[in-house]
Structures are given as structure tokens and as C-alpha cells.
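According to the working numbering, the sequence shown holds residues 1002 to 1282 in order. Heads up, the thing below is written out as C-alpha cells.
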Amino acid sequence: MSEVVYLSGRFLPYGQAAVPVEDRGFLFGDGIYEVFRVYRGRPFRFQDHLERLTRSAREIRLDLPDLDWAAITGELLERNGLKGGDATVYLQVTRGAAAPRTHWFPPPGTPATVLMLARPARPVDPELVESGATAITHPDERWGRCDIKSINLLPNVLAKQRAVEAGAHEALFVRDGVVLEGASSNLFAVLDGRLVTYPRGPRILAGVTRGVVLELARELGIPVVEGPILVSDLDRATELFITSTTAEILPVVRVDGRPIGDGRPGPVTRALYTAFRQQIS
């Protein structure tokens, strides 16, 4: 079965899908996106993703088209043979296309460009879950509104490439001595028996999986603190893990070549991972 995409009201073969050369997403990165998982045909935390999409659109003053996102997602999965399987869905909305190119907004009524892709999910490597991943620290050179899920991801791309070149799985952004989050993930540490993650706000993109982990931790009776993780805290953290839609909950056992705790995934990470898998089973 050839891949089918949804593009601004039409389901098209991948090779036939195209956007105008003056689409503002292409010219300015003037758009937002979401990525969500589908487990056995069921979108996971779908409403949470739509709420974040709506918030991102409001923050950049982009009018979302009035669409039945659930119906489009269902048809897209069916057309790609993924109706009952595990998939990853990418959703992007830009401010549309209008000529000539101007920095200010296009005329009122310019239709937004909506793109949706659905592909089989790549499962997280079980060996990584069992033995743990590695990370490097990287200066946070992003803009001041990381809470908006903008398609402007160049700093993230550069940080992730540096991690790849260092043989690591993730780059952790550091600003003013604080470790904020990963290039494509949120960060958690176990410090003094408490689960710590940076609080919601403009410095991080609060992930949906991050929210699920906070819920699960409280259900399991794990003390939770939403506060800063200092670079100096990494030497005394007993556990570290990252969360994202695609990575789920992934332990990190080394940062910049130094072990976290005893260099193995710890009991808090394992307990949360088990609880998360039960949520999606």
C-alpha cells in the first residue's frame, strides 16, 4: 500500500502532495505541529495533543481551521493500513501561502496549510530501556518561547546532531547552569528521593508524556517537585530519564561520559515505565 497523506482537505498519495513555494512554513517557519502515538489503533492522549495545538496556535495568533481532527486521523490511519496497529501521526499547521513574501501576516482569510502524516511506529529499542541511554549537555540557544510547539527547530536540530556525532542519544539543553530538557524530550531526575522536572513555562515545551509521568508518579506515591535541575545536580542524581511521545520513558545512565547513579536504570524509572506500559496496553 502506497503512503497517503492529508493535505489541506485532501487525501493524496505521498508523491502527489505539494505545498506552494511561498507557504509561510517554508519561508518563515511560521507554523506549529504535534506528534502523537497510536497504540493498537487508538490515539493516545489525543485530546491533550489537540489542546496543546490550540494553545500554540493562540500564542502565535494563527486561526486553526474548524476540522474534525479525530475523523481525519481515523481515515488517514485506515488509508495507510494502520487502523488497528501502532503508528505515529505528525500534524502541522502553517499560516498558509500568500504572495508576495512579507514578514507581516497574510491577508485575512488566507487558508492555513494543514498536513498530516501517519506511519508505523518505531518501537523503542528494548535494549535501551533495559540498559539505559546516554546524553550530552549543550548550551540552550533557542528562542524565549519554547512552550510553543513551533516548527522553528534549527537549534534543536543542531543540538541533536552534536549528540549523534558524540555517540549519544540526546542533547540536554543548559541555560544559566540549569538543565532544562532535551532537544526532543523532557527531563526528569531523582534527587534526594524526589522526582524533579523543570516546571511548565516559556523555557520548556511541556510534553504530553511528561504530564502522564507526573500523574503516574503521584498515583504511585513518588514525591514530585517541579523545579530546576542544576548541572551540579547531575553528579548526585540517583536516576535520570527522558520522556517524549516517541521515546516514551527512556532511562539515561551517562551524561557527558559520567555515570548517573550506579550507571543503570533505577527503581523509580522502572516503576514509572511499567505503569506507563499498563496505560497503553
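A virtual CB, placed ideally from N, CA and C, is assigned to each residue, including glycine.
Residues sharing a beta bridge with residue i, DSSP
i	result
L1116	L1008, Q1093
D1024	A1098
Y1040	R1043
Y1034	Q1093
R1173	Contrary to the premise, residue 1173 reads as Leu rather than Arg in this sequence. DSSP lists T1138, G1183 as partners of L1173.
I1243	L1188, L1251
L1013	V1006
A1088	V1039, P1121
V1214	According to DSSP, which records beta bridges pairwise, V1214 is partnered with nothing at all.
Straight-line gap, residue i to residue j (C-alpha atoms, nearest Å)
i	j	result
V1020	A1169	35 Å
A1099	G1032	14 Å
I1152	A1184	13 Å
V1125	L1251	8 Å
T1244	G1208	8 Å
V1225	D1263	22 Å
S1282	R1043	11 Å
A1238	L1173	15 Å
L1065	L1116	12 Å
P1203	S1057	12 Å
T1114	E1182	29 Å
P1001	E1249	Outside the shown range of the chain (1002 to 1282) lies residue 1001, about which nothing can therefore be said.
G1030	F1277	33 Å
V1269	E1240	8 Å
G1075	T1246	19 Å
C1147	A1136	20 Å
P1266	L1154	30 Å
T1089	E1079	13 Å
G1178	V1232	6 Å
Assigned secondary structure, residue i (DSSP; H/G/I helix, E/B strand, else coil)
i	result
N1081	coil
T1074	helix
E1284	What is shown of the chain runs 1002 to 1282, which leaves residue 1284 out entirely.
A1019	coil
F1106	coil
S1057	helix
I1152	coil
I1261	coil
A1122	coil
I1281	helix
L1196	strand
L1068	coil
L1206	coil
L1129	helix
L1051	helix
L1221	coil
L1231	strand
Own chain, CB closer than 8 Å to residue i, minus 5 neighbours either side, in chain order
i	result
D1049	V1209, G1212
A1071	P1044, F1047
Contacting residues, own chain, Cβ-Cβ under 6 Å from residue i (five flanking each side not counted)
i	result
G1258	none
S1003	P1014
CB contact below 7 Å: residue i versus chain D
i	result
Y1091	Chain labels in this structure do not include chain D; a single protein chain is all it has.
8 Å contact criterion, which residue i and residue j should meet: CB distance rounded
i	j	result
I1230	V1180	5 Å
L1083	P1121	7 Å
V1039	D1087	6 Å
T1198	E1171	The pair is not a contact, with the Cβ atoms about 15 Å apart (cut-off 8 Å).
Neighbourhood of residue i by C-beta, 7 Å cutoff - its chain only, sequence neighbours within 5 removed
i	result
D1234	A1190, L1192
E1035	H1050, R1053, L1054, L1092, K1150
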